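Protein chains: 2
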Amino acid sequence: MGLSKIEKFTAEQNEIARLAKALGHPARIAIIQFLVKTNSCVCGDIVDELPLSQSTVSQHLKELKTAGLIKGTIEGPSVCYCINEVTWLKAKNLLGDLFESYSSKNNCC
Amino acid sequence: MGLSKIEKFTAEQNEIARLAKALGHPARIAIIQFLVKTNSCVCGDIVDELPLSQSTVSQHLKELKTAGLIKGTIEGPSVCYCINEVTWLKAKNLLGDLFESYSSKNNCC
DNA sequence: TTCCTTAATCGTAATTTTACGATAAATGTT
DNA sequence: AACATTTATCGTAAAATTACGATTAAGGAA
């Protein structure tokens with residue numbers, strides 16, 4: 017079926033999974049790392065940074081944008097992308113809390 | 017094509033993406049949260065906790081196990097699962113570093 | 001041994017993802 | 001206006017994901 021039954025899970029579980037899934041491809045990690053490294057809007061250079069075709073990169077950018085992790089603003093003929101701080105912090109907190117919630121004590125196997 | 021060109025990216029990018037992808041489904045988040053909550057080996061109760069069939073849950077468990085995030089030990093007729101601490105901490109660090117690497121200063125759009 | 005329980009695997013189907021070339025749309029330049 | 005640049009979208013194909021029922025495998029209980 018390929019379609020997750022999102023209605024069966026909590027809003028938080030769906031949200032965490034949605035954000036993690038958006039980060040679940042090396043190209044998108046590369047895009048994020050590039051945006052973080054330059055630490056400002058990046059206009060037009062992203063395609064050149066990736067070993068993928070322009071259309072494929074555009075698709076990955078769209079997925080990151082749909083997930084809310086980045087945002088793009090039109091700047092003349094090109095588009096400038098940067099990290100979307102609000103969702104970025106939400107992802108940081110949700111995933112951070114998940115990782116923090118585990119304690120190695122009582123681990124029996 | 018559905019196949020990511022993992023050879024085009026760095027080992028770190030692939031590793032982060034691989035771990036994030038494993039967390040990219042609400043059922044797997046639910047499994048992880050359940051294991052974290054009980055904070056010990058969970059034997060046989062996982063299927064009952066999820067709104068999915070036994071075979072589907074088994075498939076999700078396998079993906080988490082393949083990613084290294086959980087481990088299962090055979091305990092009589094059932095299998096006990098728990099968080100795999102080593103990979104869990106690796107994921108925590110890799111994703112943690114990624115989220116920490118972003119600073120909202122100089123954000124222009 | 002026979003039965004029951006538990007979990008993995010198989011087979012299958014629908015959907016999504018990944019990827020690329022080609023095309024379209026939008027803006028700036030000459 | 002004509003052209004070049006940049007990015008999104010369309011069309012397509014291959015592969016992966018998700019899901020379930022049915023079956024298999026393994027261990028414990030009667």
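These protein sequence lines are chains A and B, in that order.
Offset between the first sequence (1-based) and the working numbering: plus 16.
Offset between the second sequence (1-based) and the working numbering: plus 16.
Quick reminder that beta carbons are idealized off the backbone N, C-alpha and C, glycines included.
Quantities reported herein were computed from a predicted structural model and do not represent experimental measurements.
From this set, E79(A), S117(A), V63(A) and H76(A), which residue's C-alpha is nearest S94(A)'s C-alpha?
-> Of E79(A), S117(A), V63(A) and H76(A), the residue nearest in Cα terms is V63(A).
Length at least 4, wholly inside the stretch 60-84 of chain B: the alpha helix (DSSP H) runs in chain order = Within the stretch 60-84 of chain B, complete alpha helix (DSSP H) segments of at least 4 residues are found at 62-65 and 70-83, given in chain order.
Please list, in chain order, all residues of the same chain as T89(B) whose beta carbon is under 6 Å from its beta carbon, the five residues on each side excluded.
-> The residues C96, in chain order, have a CB closer than 6 Å to that of T89(B) in the same chain once the five nearest residues on each side in sequence are set aside.
Pull up the CB-CB distance for L85(A) and N100(A), whole angstroms please, since I reckon it's below 8 Å.
-> The beta-carbon separation of L85(A) and N100(A), rounded to 6 Å, stays under the 8 Å limit for a contact.
Taking 9 Å as the cut-off, decide whether the C-beta atoms of I48(B) and L35(B) are in contact.
-> L35(B) is positioned such that its CB atom lies no closer than 9 Å to that of I48(B).
Examine the Cβ distances between the stretch 19-34 of chain A and the stretch 42-61 of chain A and report whether three or more of them are shorter than 8 Å.
-> Three or more Cβ pairs closer than 8 Å define a contact, and the stretch 19-34 of chain A falls short of that threshold against the stretch 42-61 of chain A.
Would you kindly work out how many angstroms separate the C-alpha atoms of P67(A) and A46(A), rounded to a whole number?
-> Using only the alpha carbons, I get a separation of about 10 Å.
Where does K21(B) sit, in a helix, a strand or coil, going by DSSP?
-> Correct three-state label for K21(B): coil.
So, does the CB of Q75(B) fall closer than 9 Å to a CB anywhere in chain A?
-> When Cβ-Cβ separations below 9 Å define contact, Q75(B) makes no contact with chain A.
Mind pulling the chain A residues with CB within less than 9 Å of S94(B)?
-> Within chain A, no residue comes near S94(B); the closest Cβ sits about 13 Å away, beyond 9 Å.
Rounded straight-line distance, which links the Cα of A83(B) to that of F115(A) | Approximately 15 Å, taken between the alpha carbons.
In or out: L51(B) buried (at least 16 other Cβ within 10 Å) or exposed?
-> Answer is buried; the Cβ neighbour count reaches 16.
Strand pairing of T89(B), partner residues [DSSP] = For T89(B), the pairing in a beta bridge is given by DSSP as C96(B).
So G112(A) is in the alpha helix (DSSP H); what residue range does that whole segment cover?
-> Unbroken alpha helix (DSSP H) run through G112(A): E101 to E116.
Burial state of V73(B), where buried means 16 or more other Cβ atoms lie within 10 Å = V73(B) is buried by the Cβ-count criterion.
Ends of the alpha helix (DSSP H) at N30(B)?
-> In the DSSP assignment, N30(B) falls within the unbroken alpha helix (DSSP H) covering A27 to A38.
Opposing strand residues paired with V58(A) [DSSP bridges] = In the DSSP output, where bridge partners are listed per residue, V58(A) has Y97(A).
Taking the alpha carbon of Y132(A) as the point to measure from, which residue in A107(B), D113(B) and S120(B) has its own alpha carbon closest?
-> Past the boundaries of the shown model lies residue 132(A); chain A is included only from 17 to 125, so the question cannot be answered.
Where F115(A) meets chain B, residues with beta-carbon distance less than 8 Å | Per Cβ cutoff of 8 Å: W104, A107, K108, L111 and G112.
Output yes if chain B places a C-beta closer than 9 Å to the C-beta of L39(A); else output no.
-> Interface residue, yes.
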